[in-house]
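Adding 53 to a residue's 1-based position in the sequence shown gives its number in this note's numbering.
In what follows, a single structure is set out as structure tokens and then discussed.
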Amino acid sequence: MKDILTAPFLREMMRMTSNMYAHGWDERNGGNISLLLDEDEVSEYLDTQCVIKDIPTGFEAEELEGKCFLVTATGSYFKNIEYDPAKNLGIVKIADKGKTAKLLWGYRNGGSFTSEFPAHMMSHAARLSVDPANRVILHCHPDNILAMTYVHSLDEREFTRTLWRMETECVVVFPEGIGVLPWMVCGTNEIGQATAEKMKTSRLVVWAQHGIYGAGKDLDDAFGLIETVEKAAGIYLKIAHLPILNTITDEDMRLLEKRFGVKAREGYLD
Ligand code: 2HA
Ligand code: ZN
């Protein structure tokens with residue numbers, strides 16, 4: 054067996070959580086990440102038949118049966134993950150139609166997966182149903198996106214259109230737009246189901262007055278989506294109170310669609 058601390062998936066996760074902390078998106082224990090692993094790759098580092106403990110999930114997700122995930126621990130501080138990965142991360146294998154997570158590695162000292170496990174697992178199932186290449190669900194609390202949810206309409210079309218206008222890249226990076234949930238209690242199956250429903254049509258879901266979820270084929274992909282939205286939200290907050298003299302028009306966005314071979318969500322451009 055190879056040393057798991059050298060595994061690329063673990064190294065990338067450690068690098069990503071430190072980077073996100075440095076961005077200020079993960080204060081205290083804020084934020085959580087889950088990464089779908091290839092069991093053959095995990096087998097190079099662990100005996101995947103050797104289970105440390107069974108953890109009940111409190112929900113069902115039949116589609117995920119047998120899949121392995123690397124998941125941040127509940128209460129873990131992103132700033133500390135790279136210094137103690139075996140305490141702050143865990144590898145689980147989903148069993149019993151999603152009702153059990155079998156712990157294969159990590160969560161040392163009796164820990165468990167993130168409180169947002171339902172939103173993560175239900176979102177993985179939703180994304181995989183429309184995109185078999187999806188591997189990552191990533192949640193964090195970026196300042197500008199959060200601030201924007203206090204002063205902007207939460208109508209998804211309006212929210213998306215405002216973001217698209219804040220930077221030329223936006224409609225190219227997330228042409229499907231952004232899902233928006235009103236404020237809800239976090240950590241519940243209800244917010245998990247609501248997030249997953251939106252994830253069927255968008256890789257980004259904002260939780261008003263809380264944060265954002267991003268999905269992607271790898272960590273960079275999910276991070277890049279959130280980074281783009283966060284930048285656009287920052288520009289919005291810089292200019293929202295000023296007289297707007299110039300903008301990116303819907304006609305301009307049609308030109309971007311053509312130039313970059315993307316299709317803006319149906320009905321979102323006038
Ligand atoms: O894990 O971000 O949404 C802490 C959170 C809860
Ligand atoms: Zn959160």
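Think of the CB as a built atom: it goes at the ideal place given N, C-alpha and C, for glycine as much as any other residue.
Any idea what DSSP makes of aspartate 291, helix, strand or coil?
What sits at residue 291 in the sequence shown is lysine, not aspartate. Lysine 291 falls in the helix class under three-state DSSP.
In chain order, what residues of the same chain have a beta carbon less than 6 angstroms from the beta carbon of isoleucine 105, not counting five sequence neighbours either side?
The residues are Leu156.
Looking only at its chain, what residues have a beta carbon closer than 7 angstroms to the beta carbon of lysine 316, apart from the 5 residues adjacent to it on each side?
Cβ within range, chain order: Pro228, Glu310.
Which same chain residues, not among the five before or five after histidine 173, have their C-beta less than 6 angstroms away from its C-beta?
Closer than 6 angstroms at Cβ, skipping near neighbours: Ser87, Ile190.
Would you say asparagine 299 touches ligand 1, meaning its beta carbon is less than 7 angstroms from a heavy atom?
Incorrect: asparagine 299 has no Cβ contact closer than 7 angstroms to ligand 1.
For the 8 angstroms Cβ check, are there 3 or more pairs between the stretch 178 to 197 and the stretch 138 to 149?
As far as the Cβ criterion goes, the stretch 178 to 197 does not touch the stretch 138 to 149, which means the pair count is below three.
Under 7 angstroms: does the beta carbon of serine 176 sit that close to some heavy atom of ligand 1?
Not so, every heavy atom of ligand 1 lies at least 7 angstroms from the Cβ.
Whose C-alpha, out of Ser182, Asp93, Ala293, Ile231, is nearest the C-alpha of glutamate 115?
The shortest C-alpha separation from glutamate 115 is found at Ser182.
When the distance is taken between beta carbons, is glutamate 209 closer than 8 angstroms to valine 233?
Contact: yes.
Can you pull the DSSP bridge partners for asparagine 197?
According to DSSP, which records beta bridges pairwise, asparagine 197 is partnered with nothing at all.
Excluding five sequence neighbours on each side, which residues of the same chain lie with their C-beta closer than 8 angstroms to the C-beta of threonine 101?
Once the five neighbours on either side are set aside, the close Cβ partners of threonine 101 are Glu92, Val95, Cys121, Lys146, Leu157.
Restricting to runs no shorter than 3 residues, where is the beta strand (DSSP E) found entirely within the stretch 225 to 260?
Correct list: 232 to 234, 257 to 260.
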